[in-house]
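All remarks here apply to the structure that follows.
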Amino acid sequence: MKQHTDLTQGSVVKHLVALTVPMIAGVAAIMAYNLTDTYFISKLENGTEKLAAMGFTFPVVMVVGAIAMGIGMGASSCISRAIGKGDQHRVRRLATDGLVLALILVAVLGGTGLLTMGPLFRLLGAKPELLPLIRKYMTLWYSAVAVVVIPMVGNNMIRATGNTFVPSLIMILGAVLNVILDPLLIFGCGPIQGMGIFGAVLATVLSRLVSGSVSIWVLARHCGLLELARPRWQELVDSWKEMLCVAIPAAGTHMLMPLSRALMIQMVAGCGNPAVAAVAAGARVERFLYIVCIAMGSCLIPLVGQNWGAGRLDRVRHIRNVSAVFDILYGVLSFLLALALATPVARIFSSDPLVIERIVWYLQAILLGSALHHVGVHTGFMFNAINRPGAAALFNALRMPTIQISFAWIGLKIGGLWGLFLGLGIAPLLTGTIALIWFELILRHAERGPSCHRKIDRLPSQL
Numbered sequence: 003m004k005q006h007t008d009l010t011q012g013s014v015v016k017h018l019v020a021l022t023v024p025m026i027a028g029v030a031a032i033m034a035y036n037l038t039d040t041y042f043i044s045k046l047e048n049g050t051e052k053l054a055a056m057g058f059t060f061p062v063v064m065v066v067g068a069i070a071m072g073i074g075m076g077a078s079s080c081i082s083r084a085i086g087k088g089d090q091h092r093v094r095r096l097a098t099d100g101l102v103l104a105l106i107l108v109a110v111l112g113g114t115g116l117l118t119m120g121p122l123f124r125l126l127g128a129k130p131e132l133l134p135l136i137r138k139y140m141t142l143w144y145s146a147v148a149v150v151v152i153p154m155v156g157n158n159m160i161r162a163t164g165n166t167f168v169p170s171l172i173m174i175l176g177a178v179l180n181v182i183l184d185p186l187l188i189f190g191c192g193p194i195q196g197m198g199i200f201g202a203v204l205a206t207v208l209s210r211l212v213s214g215s216v217s218i219w220v221l222a223r224h225c226g227l228l229e230l231a232r233p234r235w236q237e238l239v240d241s242w243k244e245m246l247c248v249a250i251p252a253a254g255t256h257m258l259m260p261l262s263r264a265l266m267i268q269m270v271a272g273c274g275n276p277a278v279a280a281v282a283a284g285a286r287v288e289r290f291l292y293i294v295c296i297a298m299g300s301c302l303i304p305l306v307g308q309n310w311g312a313g314r315l316d317r318v319r320h321i322r323n324v325s326a327v328f329d330i331l332y333g334v335l336s337f338l339l340a341l342a343l344a345t346p347v348a349r350i351f352s353s354d355p356l357v358i359e360r361i362v363w364y365l366q367a368i369l370l371g372s373a374l375h376h377v378g379v380h381t382g383f384m385f386n387a388i389n390r391p392g393a394a395a396l397f398n399a400l401r402m403p404t405i406q407i408s409f410a411w412i413g414l415k416i417g418g419l420w421g422l423f424l425g426l427g428i429a430p431l432l433t434g435t436i437a438l439i440w441f442e443l444i445l446r447h448a449e450r451g452p453s454c455h456r457k458i459d460r461l462p463s464q465l
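Written as structure tokens, this is what we have:
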């Protein structure tokens, strides 16, 4: 049985389309998880209180999700490069050791979470009356955190082989099961007694358990990526070091996103509740528009990683060029749509003229720089794919909490809320340009010769 798709041969455009299209459905399915839980819990008696309790769990869920994504990206980067080099033993060793690493980390996270629930959520500002609800939700969530993390890590490993169709099906399977189980377990049906907020987390755990089991089965039987032979200790340590070299900066990068969003909301809050409401609505439209590019970003790691591992720097450059052209065209189209449709879209979310006006401001300003925003985000993925996690982490630290927030603050001081939004829209024009130049310098350095290429592969912190 074929273990992977060879992405070092054939049309780059065809590979990118074939990888991205299935992922669009998968990304949409992941977004459906939180929306489903939020919708059904809001229908409970005292739904607002229960939603507030869930709200306090989001920071923890986001941190664990960031760690899982970091491990997944680290494993995907290492596995795809090993596939490109044709080292099948190393591929299996990395996949197996990556799952072991994930299980060890989630055991530590789950145990720590169970021991620190009270102090942690009080620190986050939870009122005493909400703590019993939070404990009910998080006790099971922490105890079963492995089934939350394993599907994320396993699906990244499958994608490293050049297969995005199966991971997307697994994500859709999990989302569909969650939609079915949520109302049954939250409200009850027939012999099943309604469990309220506990039913929501139980639905999540059961749906993830199924999707995680399928992911492991695919890794073992379809991809042949799991190695049952006991590894040498040094081999295990080497695998963990290689993956953590990418995973730790990648996890940190994922944590920067909510931090930057929180800083931005803090500035917007000073402009009044209509401004905050506008950002909340506008961000949902923005995320919907970005689904295609989010899906494409996760596909760049196996595509770039395999070609980098095989020494096909010409194809890596071509992938970068194709990605950048698509990003710019997609961003320009998004901006033109914002100019034409921002007002009718805003009216879907609010009937308040002030909120509508500010949603229009947000969409038109933010999407002004979306072309190079996508270039920057995708370059960050490509840095990780070529084993340059230091460059990825430094670039994303510059991109989000530094340049983006600085431009927003300057815009706020000069032009109020409109200036703040405009600053957020202009910042990607700078960060996207920096990304293009930075990646070009790395490519030129690698193209000086095979020895230089090997040096880059060993020293990911350079450049």
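Start counting the sequence shown at 3; every next residue gets the next number (the working numbering).
Backbone N, C-alpha and C fix where the C-beta goes; we use that ideal spot for every residue, glycine too.
Fewer than three pairs of CB atoms, one per stretch, sit closer than 8 Å, so the segment 89 to 108 makes no contact with the segment 166 to 180. Rounded to whole angstroms, the Cβ separation of Ile-199 and Lys-52 is 5 Å, and the two are in contact under 8 Å. Here the alpha carbon of Pro-153 sits roughly 28 Å from the alpha carbon of Met-402. Distances from the CA of Gly-382 to each of Gly-164, Ile-188, Gly-254 were compared; the closest alpha carbon is that of Gly-254. Within the same chain, Leu-374 come within 8 Å of Thr-435 by CB-CB distance, once the 5 residues on both sides are set aside. In this structure, DSSP gives Ile-194 an extended state, which the three-state scheme calls strand.
With respect to the 8 Å criterion, Trp-363 and Phe-423 are classified as neighbours on the basis of their beta carbons.
By the Cβ neighbour-count rule, Ser-13 is exposed, with fewer than 16 other Cβ atoms within 10 Å of its own. Going by DSSP, Arg-92 is part of the alpha helix (DSSP H) stretching over 90 to 117.
Pairing Met-257 with Ala-68 gives a Cβ-Cβ distance under 8 Å. In this model, Asp-39 and Asn-48 are separated by some 15 Å (Cα to Cα).
Pairwise C-beta distances place the segment 10 to 25 in contact with the segment 286 to 303, as three or more of them are shorter than 8 Å.
Collapsing the DSSP output to three states places Glu-47 in coil. Secondary structure remark: continuous alpha helix (DSSP H) runs of at least 4 residues inside the segment 342 to 402, in chain order: 355 to 368, 372 to 387, 391 to 399. Assignment of alpha helix (DSSP H) within the segment 153 to 220, counting only whole runs of 4 or more residues, yields 167 to 189, 199 to 219 in chain order. Apart from the 5 residues on each side of it in sequence, Ile-136 sits with its Cβ closer than 8 Å to the Cβ of Ala-55, Phe-58, Thr-59, Met-119, Phe-123, Ala-128 in its chain, given in chain order. Excluding the 5 residues flanking it on each side, Ile-296 has same chain C-beta neighbours closer than 7 Å at Val-29, in chain order. Spanning the alpha carbons of Trp-143 and Arg-319 requires a straight line of approximately 43 Å.
If you check the CB distance, Gly-418 and Cys-273 come in under 8 Å.
In the three-state scheme derived from DSSP, where H, G and I count as helix and E and B as strand, Gly-120 is classed as helix. Distance from the CA of Arg-349 to the CA of Ser-325, rounded to the nearest whole angstrom, comes to 34 Å.
In this chain, the alpha helix (DSSP H) harbouring Gly-284 covers 275 to 291.
Taking the Cα positions, Met-197 is about 12 Å away from Leu-183.
Cα atoms of Gly-156 and Leu-186: separation of roughly 28 Å, rounded to the nearest angstrom. In the three-state reduction of the DSSP assignment, Asp-8 falls in the coil class, being assigned neither a helical nor a strand state.
Apart from the 5 residues on each side of it in sequence, Gly-284 sits with its Cβ closer than 6 Å to the Cβ of Ile-361, Tyr-364, Leu-365 in its chain, given in chain order. Spanning the alpha carbons of Leu-370 and Ala-252 requires a straight line of approximately 27 Å. In this structure, the beta-carbon distance from His-380 to Asp-329 falls below 8 Å. Gly-425 and Gly-413 have their alpha carbons spaced roughly 5 Å apart. For Lys-16, the three-state secondary structure derived from DSSP is helix. For a cut-off of 8 Å, the C-beta gap from Ile-172 to Val-207 is around 16 Å, too long to register as a contact. Beyond the five residues adjoining it in sequence on each side, Leu-126 comes within less than 8 Å, by CB distance, of Phe-58, Pro-61 in the same chain, given in chain order. Exposed is the label assigned to Asn-275, since fewer than 16 other Cβ atoms lie within 10 Å of its Cβ.
Put simply, the backbone Cα of Val-248 is about 7 Å away from that of Met-75.
The shortest CA-to-CA distance from Val-63 to any of Gly-115, Val-357, Ile-106 is the one to Gly-115. The count of Cβ pairs closer than 8 Å, one atom from the segment 214 to 229 and one from the segment 158 to 169, reaches three, so the stretches are in contact.
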